[in-house]
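A.B. asks: Got a structure for you, written out below as structure tokens; questions coming shortly.
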Amino acid sequence: MNSNFSKCGNSTVLVIDDEPGMRAALRANFLRYGWHVETASGVRDAARAVELTSFDLVVSDIHMRDGDGFQVMCSVLKNSPTTAVILLTAFGSVPEAVESMRSGAFDYLTKPVSFDQLQAAAARVMQRMSEKGPPVRTPKAHSDAEVTSSGIVGRSPLLLQALQRARAAASTDADVLIEAESGTGKELLAKFIHQASDRNRKPFIAVNCAAVPEHLLESELFGHARGAFTGANAAKAGKFELADGGTLLLDEIGEMPLSLQPKLLRILQEREFERLGETRSIHVDIRVIATTNASLAAMVEQGRFRSDLYYRLNVIPLSIPALRDRLEDIPSLALYFAQRFTTETQDSMPTLDSSFLERLQAHNWPGNIRELSNFMRRVLSLNREAIIDAQCFDREFRPIRGNSATPTAMPSPGTSIAMLERAHLENTLAMANGNRTHAAEMLGISLRTMRNRIREYGLPPRRYA
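Reading the sequence shown from the start, the letters are residues 6 to 470 in this note's numbering.
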């Protein structure tokens, strides 16, 4: 037995877990070693406890039905900055561990956790308090930002309003449609809903409807029997089947072929489908979250999307604001990305000068958070200074605005619309250094549409990655 751990007669711990068995086991073990123990069954219960009492230690599960451990930690540290927080999760990952420690956690343990592990972590808390006094935390770069376990960073009113609506949606079992611009974090919002729901211990399965070739999409979604088509040498479960009990994300739903939309409508209504080549119906219990960067209502008017499918998907409509509408979040996001990238590369964290952050906020970021993330990676990869300032911004931002290659000149007035579109496409591809994905985001079209346009206008596909 660790001597530091055993001398806990005057120490208090709050145990938070929505599983009664785990909560009871942790409570019994802490009591065994002389701790004063209180328990909470979730985020709301914990919030009330920390408002009334200051604890030496808080041990919290991360994934709970009414929220996550990061919310608990923010509430704890706001009320009692000297309290040590240990987070537990059954979904351990290096990024989540890093984010836990950055956000203020004293330690991070992955379930199933033995009490010996927890004992050792709690002993370190007691040793540190006895030797150095209560834990002192250096203010984190984004400590004033809300950071969800799904990776959404920010505190702007529009973002917090979107998260509040997403939490409300998560408490239901209804399907969700997220319409927002490319690069705003639609998939992160979908993961946030999944993690905040009762389905968070079941799979989260994502499929990009624009990235899968049209002739393979039906098999990808619904699965197939052995011999269903040429090359089907074995039976395969589709994404709907794999997501049973959890959440299925249909990314870029606007790219769903019209021929498949009636089958998707039937699944949404009946929660039943058949694999290709089979007649046996498979029933699934899933929540469907669909995302799009286009207006499905406009696509319905244009005859490119079925109205009945649109109304069936649009049970709870959500959005997430563009970065230009939440400029106050840019410093927090920049710091978040800088910390994440330097952790990946094991480099020292540079100081982001106020002049650099001001430059970031002056740009409207048409590619949204994805563009900002890529730009921060570029800046940190090519600049090893201890201080990143406005000069670094100016030096690295020029290649994004233009390209050393000379773009095709715009045609003269009277040129056909097709030629104008081709020229604009070539110019955009040149500005994106030939990257089709980035060019598609700049134009607000899907990757599939970009590929089709390159083929339609006879542009050399090998030139564009």
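From the three backbone atoms N, C-alpha and C, an ideal C-beta is built for every residue, glycine too.
Give the single residue among W370, A343, S353 and R364 whose Cα lies nearest to the Cα of R382.
C.D. replies: By 1-based counting over the sequence shown, the position of residue 382 is 377. Of the candidates W370, A343, S353 and R364, the one whose C-alpha sits nearest the C-alpha of R382 is A343.
A.B. asks: Below 8 Å on the Cβ atoms is my guess for L281 versus F234; work out the distance and round it to an integer in Å.
C.D. replies: Counted from its first residue, the sequence shown places residue 281 at position 276. Counted from its first residue, the sequence shown places residue 234 at position 229. Indeed, because the Cβ distance is near 7 Å, the residues count as touching under 8 Å.
A.B. asks: Give a yes or no on whether the C-beta atoms belonging to D61 and S119 are separated by under 8 Å.
C.D. replies: Stepping through the sequence shown from its first residue, residue 61 is reached at position 56. Stepping through the sequence shown from its first residue, residue 119 is reached at position 114. No.
A.B. asks: Check whether the segment 331-348 touches the segment 283-299, taking contact to mean three or more Cβ pairs, one atom from each stretch, closer than 8 Å.
C.D. replies: At 8 Å Cβ cutoff, the stretches do not touch.
A.B. asks: Around the C-beta of E349, are 16 or more other C-beta atoms found within 10 angstroms, so that it is buried, or is it exposed?
C.D. replies: By 1-based counting over the sequence shown, the position of residue 349 is 344. Exposed.
A.B. asks: One question on the structure: do P326 and A167 come within less than 8 Å of each other, judged by their Cβ atoms?
C.D. replies: Taking the sequence shown and counting its residues from 1, one reaches residue 326 at position 321. Taking the sequence shown and counting its residues from 1, one reaches residue 167 at position 162. The answer is yes: Cβ separation under 8 Å.
A.B. asks: Quickly, what does DSSP pair Y113 with across the bridge? List them, please.
C.D. replies: For this step, residue 113 is matched to residue 108 along the sequence shown. Answer is L92, bridged to Y113.
A.B. asks: On the DSSP bridge list, what partners appear for P322?
C.D. replies: By 1-based counting over the sequence shown, the position of residue 322 is 317. DSSP output for P322 lists L182 as bridge partner(s).
A.B. asks: Please state whether the Cβ-Cβ distance between L318 and D180 is less than 8 Å.
C.D. replies: Counted from its first residue, the sequence shown places residue 318 at position 313. Counted from its first residue, the sequence shown places residue 180 at position 175. Yes.
A.B. asks: Can you grab the Cα-Cα spacing for the pair S359 / C397, in whole Å?
C.D. replies: As a working mapping, residue 359 is identified with position 354 in the sequence shown. As a working mapping, residue 397 is identified with position 392 in the sequence shown. Using only the alpha carbons, I get a separation of about 12 Å.
A.B. asks: Should I183 and L323 be called a contact, given that it needs their Cβ atoms to be closer than 8 Å?
C.D. replies: Locating residue 183 in the sequence shown gives position 178, counting from the first residue. Locating residue 323 in the sequence shown gives position 318, counting from the first residue. Against a cut-off of 8 Å, the Cβ pair of L323 and I183 comes out as a contact.
A.B. asks: Tell me which residues share the same chain as G228 and place their Cβ nearer than 6 Å to its Cβ, disregarding the 5 neighbours each side in the sequence.
C.D. replies: Translated into positions along the sequence shown, residue 228 becomes position 223. Only K241, A242, G243, E246 and R280 meet the Cβ criterion.
A.B. asks: State the DSSP-derived secondary structure class of M78, mapped to helix, strand or coil.
C.D. replies: Position 73 of the sequence shown holds residue 78. Three-state result, M78: helix.
A.B. asks: Using the beta-carbon count (16 or more within 10 Å), is Y38 buried or exposed?
C.D. replies: Position 33 of the sequence shown, counted from the first residue, corresponds to residue 38. So Y38 ends up on the buried side.
A.B. asks: If you measure between the beta carbons of A201 and A239, is that distance less than 8 Å?
C.D. replies: Within the sequence shown, residue 201 is the residue found at index 196, counting from 1. Within the sequence shown, residue 239 is the residue found at index 234, counting from 1. For A201 and A239, no; Cβs fall outside 8 Å.
A.B. asks: Please state the DSSP three-state secondary structure of K12.
C.D. replies: Locating residue 12 in the sequence shown gives position 7, where the first residue counts as 1. With a pLDDT of only 49 at K12, under 50, the local geometry of the prediction cannot be trusted, and the value read off the model is given with reservation. K12: coil per DSSP, three-state reduction.
A.B. asks: DSSP puts L273 in a beta bridge; with which residues?
C.D. replies: Here residue 273 is taken as the residue at index 268 of the sequence shown, counted from 1. Its beta-bridge partners do not exist; DSSP assigns none.
A.B. asks: In chain order, which continuous runs of the alpha helix (DSSP H) of length 4 or greater are located wholly inside the segment 185-224?
C.D. replies: Counting whole runs of 4 or more residues, the segment 185-224 contains the alpha helix (DSSP H) stretches 191-200.
A.B. asks: Is it buried or exposed, E260, if we count other Cβ atoms within 10 angstroms and call 16 or more buried?
C.D. replies: Indexing the sequence shown from 1 puts residue 260 at position 255. By the neighbour-count rule (16 or more Cβ atoms within 10 Å), E260 is buried.
A.B. asks: For L357, write down the residues that DSSP places opposite it in a beta bridge.
C.D. replies: Counting from 1 along the sequence shown, the entry for residue 357 is found at position 352. Answer is I393, bridged to L357.
A.B. asks: Within the same chain, show all residues whose beta-carbon is closer than 8 Å to that of N213, passing over the 5 residues directly before and after it, in chain order.
C.D. replies: Mapped onto the sequence shown, residue 213 falls at position 208. So the qualifying residues of the chain are D256 and E257.
A.B. asks: Mapping the DSSP letters down to three states, classify H443 as helix, strand or coil.
C.D. replies: One-based indexing of the sequence shown puts residue 443 at position 438. Residue state, collapsed to three classes: helix.
A.B. asks: Nearest by alpha-carbon distance to L357: which of I294, D394 and A89 is it?
C.D. replies: The count along the sequence shown starts at 1 and reaches residue 357 at position 352. Considering only alpha carbons, the answer is D394.
A.B. asks: Would you kindly work out how many angstroms separate the C-alpha atoms of R427 and G251, rounded to a whole number?
C.D. replies: Along the sequence shown, one-based indexing puts residue 427 at 422. Along the sequence shown, one-based indexing puts residue 251 at 246. Each residue's Cα considered, the two are about 43 Å apart.
A.B. asks: Can you check which of these residues, T189, N205 and N34, is closest to H68 by C-alpha distance?
C.D. replies: Against the sequence shown, residue 68 aligns to sequence position 63. Nearest C-alpha to H68: N205.
A.B. asks: CB-CB under 8 Å to S85, same chain, minus the five flanking residues each way: which ones, in chain order?
C.D. replies: Counting from 1 along the sequence shown, the entry for residue 85 is found at position 80. Closer than 8 Å at Cβ, skipping near neighbours: V55, S59 and F60.
A.B. asks: Measuring straight from C-alpha to C-alpha, what distance separates Y500 and L93?
C.D. replies: This structure cannot speak to residue 500, because the chain is shown only from 6 to 470.
A.B. asks: What does DSSP give as the partner residue(s) for E279 in the beta ladder?
C.D. replies: In the sequence shown, residue 279 corresponds to position 274, counting from 1. According to DSSP, E279 bridges with S286.
A.B. asks: Among all the DSSP beta bridges, which residues are the ones paired with H429?
C.D. replies: Translated into the one-based positions of the sequence shown, residue 429 becomes position 424. None; H429 has no bridge partner.
A.B. asks: Mind checking which residues open and close the alpha helix (DSSP H) that includes E50?
C.D. replies: The count along the sequence shown starts at 1 and reaches residue 50 at position 45. According to the sequence shown, residue 50 is Asp rather than Glu. V48 to L57 is the extent of the alpha helix (DSSP H) around D50.
A.B. asks: One question on the structure: do G188 and G439 come within less than 8 Å of each other, judged by their Cβ atoms?
C.D. replies: Translated into the one-based positions of the sequence shown, residue 188 becomes position 183. Translated into the one-based positions of the sequence shown, residue 439 becomes position 434. No, Cβ-Cβ distance for G188 and G439 is not below 8 Å.
A.B. asks: Is DSSP giving S337 helix, strand or coil here?
C.D. replies: For the purposes of this step, residue 337 is taken as the residue at position 332 of the sequence shown. DSSP places S337 in helix when its eight states are reduced to three.
A.B. asks: Between which residues of its own chain and P262 is the CB-CB distance below 6 Å, once the five residues before and five after are set aside?
C.D. replies: Taking the sequence shown and counting its residues from 1, one reaches residue 262 at position 257. Result list for P262: E219, in chain order.
A.B. asks: For my contact list, L377 and L328 are in at a C-beta cut-off of 8 Å; report their separation, rounded to the angstrom.
C.D. replies: In the sequence shown, residue 377 corresponds to position 372, counting from 1. In the sequence shown, residue 328 corresponds to position 323, counting from 1. The pair is a contact, with the Cβ atoms about 6 Å apart (cut-off 8 Å).
A.B. asks: Contact check, K191 vs T296 under 8 Å by CB: the rounded distance?
C.D. replies: Position 186 of the sequence shown holds residue 191. Position 291 of the sequence shown holds residue 296. The Cβ separation is near 4 Å, so the contact holds.
A.B. asks: Check the C-beta distance from I210 over to A248 and give it rounded, since I have them as a contact under 8 Å.
C.D. replies: The sequence position of residue 210 within the sequence shown is 205, counting from 1. The sequence position of residue 248 within the sequence shown is 243, counting from 1. At roughly 4 Å, the Cβ-Cβ gap stays under 8 Å, so I210 and A248 are in contact.
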